[in-house]
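In my numbering, the protein residues as written are 317 to 475.
The beta carbon of each residue, even a glycine, is placed where N, CA and C say it ideally should be.
No experiment lies behind these values; they were computed from the predicted model shown.
To start, the structure under review is shown below, and the notes come after it.
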Amino acid sequence: MPLEGWYNSTSVTTDTLNTLLPGIKTKYGAGVPVYMLFNVQSIADITVAEKNQVLGGEITLDISFYPTPTGGASELAASLTLKDTKFGFTVLVDNMTLSMHVDHLNVNKIVVNTDNIGGLKPFLMKTAFNTAMLVAIPIANGVLANHTLTIPDHLTQFF
């Protein structure tokens, strides 16, 4: 069964996605929030490297983009499949506190399933996405560094 979920945030807009989805800003307007539906199709080739403690693998992920203008109905602008996307991360444990660090995220192939924007080019989108990850991963790691999870050392009075 695929894992599916929505990301609804006013911080993801046609402006921020225009590099990845050229023309979305022109078609739907500037500053329009874009909701995203994620659907994990598969996770494969899971690896754990003892040398650098990176957990990794390949994921195939569908992402659908729905511009949502104020007072208007959402409309499917584009639906993409990110195929064989290599990922790696570490989970650090310090005194029952877990933190995460993204090591890499690299798309091998993008398939355009729906293009209501017009003219989306998978190779250019892949290049833009992989280049953006070079900037986004350090930012994400900065955010992740401030969000740790502490595991209780006693779950109940009996354990």
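TODO: Output the distance between the C-alpha atoms of L333 and K341, rounded to the nearest integer angstrom.
DONE: 8 Å
Open item on the list: If you follow the alpha helix (DSSP H) that L460 is in, where does it begin and where does it stop?
Closed with: 438-461
Task: Endpoints, beta strand (DSSP E) assigned at T326 - done: No beta strand (DSSP E) holds T326; DSSP gives it neither H nor E.
Open item on the list: Which residue wins for smallest C-alpha separation from V409, given the options V423, L398, Q369, D431?
Closed with: Q369
TODO: Under 8 Å by Cβ, that's how I've got N446 and V423 pegged, so tell me the actual separation to the nearest angstrom.
DONE: 6 Å
TODO: Could you check which residue in D361, L440, V348, T363 has the C-alpha nearest to that of A393?
DONE: V348
Open item on the list: Going by the DSSP bridge assignment, what does I426 pair with across the sheet?
Closed with: L398
Task: Range covered by the beta strand (DSSP E) that runs through T363 - done: 350-365
Open item on the list: Measuring straight from C-alpha to C-alpha, what distance separates L319 and N411?
Closed with: 31 Å
TODO: State buried or exposed for M317, treating a residue as buried only when at least 16 other CB atoms are found within 10 Å of its CB.
DONE: Note that M317 has pLDDT 46, beneath the 50 cutoff, so the model's placement of it is unreliable and the number below is only indicative. Result: exposed.
Task: I340, DSSP secondary structure in three states - done: helix
Task: Assigned secondary structure, L392 (DSSP; H/G/I helix, E/B strand, else coil) - done: coil
Open item on the list: Let's see if you can read the secondary structure: which residues bound the beta strand (DSSP E) around P383?
Closed with: 370-383
Open item on the list: Let me make sure I understand the geometry here. Which of K437, A456, N432 has the alpha-carbon closest to that of Y344?
Closed with: N432
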